[in-house]
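Count along the sequence shown starting at 1, add 311, and that's the number in the working numbering.
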Amino acid sequence: MTSRHTQQLTPGSDRQKALLAELEAMFFANGFRNITVDELASRLKCSKRTLYEIAPSKQEMFILVIESWLERIRHLGWQGALQHDDPEQRMMAYLEPGVVESRPASRQFLADLQSYRPALALLEAHQTQRTNVLMEIIEDGIRRGKFKPFHSALVAEIFLAAVNRINEPSMLERTGVGFSQAFDELFRILTTGLFQNPGN
């Protein structure tokens, strides 16, 4: 999906933005494959025409929701990281929005995301961007003696691989762990192994 196409779909009015937030809640709870535009309009108490003014199809409504969700995670991560100088605090502040903003995501939502290639491509690009920033934070922490001298790119890639695995509903099903809990556990494993003096 090109940036030009994304720009054309971006809702502009406050009403459209409010509807996009409501669509996000609907898709997070139900995914998009098993819900119709008629059902969306009924639950959101608006016309189908209003929804089609946001995006011309249900699939593209889903893409808008994915874009908005991932952009919010990146923005909040950056904002959080900028509030701290200490690398440990910066890392946790940077990673936290990924957990908090993903808590409402149901397994159906994750399954639909994984099975819809345009949405999955957005997630993969997002994870790559996040991993690159994470690598920079790790390198800063190593330079300052706060983190153990692991290879920063390797740590970041391991993190990305673990995130990809957590995004697979079948893995969550097998382990009996929820999406946000899995991220919490991953971050604890990562930081306990990386920080020189974890918890201090």
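Glycine residues also receive a C-beta, built at the ideal position from the N, C-alpha and C atoms.
Treat the numbers as computed from the prediction; the structure is a model and nothing was measured.
Residue 506 carries a strand assignment under DSSP once its states are collapsed to helix, strand and coil. Between the beta-carbon of residue 420 and that of residue 489 there is about 13 Å, and that puts the pair past the 8 Å contact cut. About 5 Å separates the Cβ atoms of residue 445 and residue 467, confirming a contact at the 8 Å cut-off. One thing to note: residue 399 has its Cβ no nearer than 8 Å to the Cβ of residue 456. Around the C-beta of residue 380, 16 or more other C-beta atoms lie within 10 Å, and the residue is accordingly described as buried. Contact between residue 388 and residue 408 holds, with the beta-carbon distance rounding to 5 Å and staying under 8 Å. For the region 405-466, the full-length alpha helix (DSSP H) segments reaching 4 residues or more read 418-426 and 428-454 along the chain. The criterion of a C-beta distance shorter than 8 Å is satisfied by residue 375 and residue 365.
Considering only 478, 437 and 328, the residue with the shortest C-alpha distance to residue 424 is 478. Leaving aside the five residues that flank residue 394 on each side, the residues in its chain whose CB is nearer than 7 Å to its CB run, in chain order, 404.
Ranked by Cα distance from residue 345, the first of 331, 370 and 358 is 370. With contacts defined as CB atoms closer than 8 Å, residue 402 and residue 502 qualify as a contacting pair.
The alpha carbon of residue 463 has as its nearest neighbour, out of 476, 475 and 447, the alpha carbon of 447.
Rounded to whole angstroms, residue 487 and residue 418 show a C-alpha spacing of 12 Å.
The three-state secondary structure of residue 359, taken from DSSP, is helix.
In this structure, the alpha-carbon of residue 382 lies about 30 Å from that of residue 459.
For residue 373, the enclosing alpha helix (DSSP H) starts and ends at 369-393. Using a 10 angstroms sphere on the CB of residue 436, the tally of other CB atoms stays under 16, which defines it as exposed.
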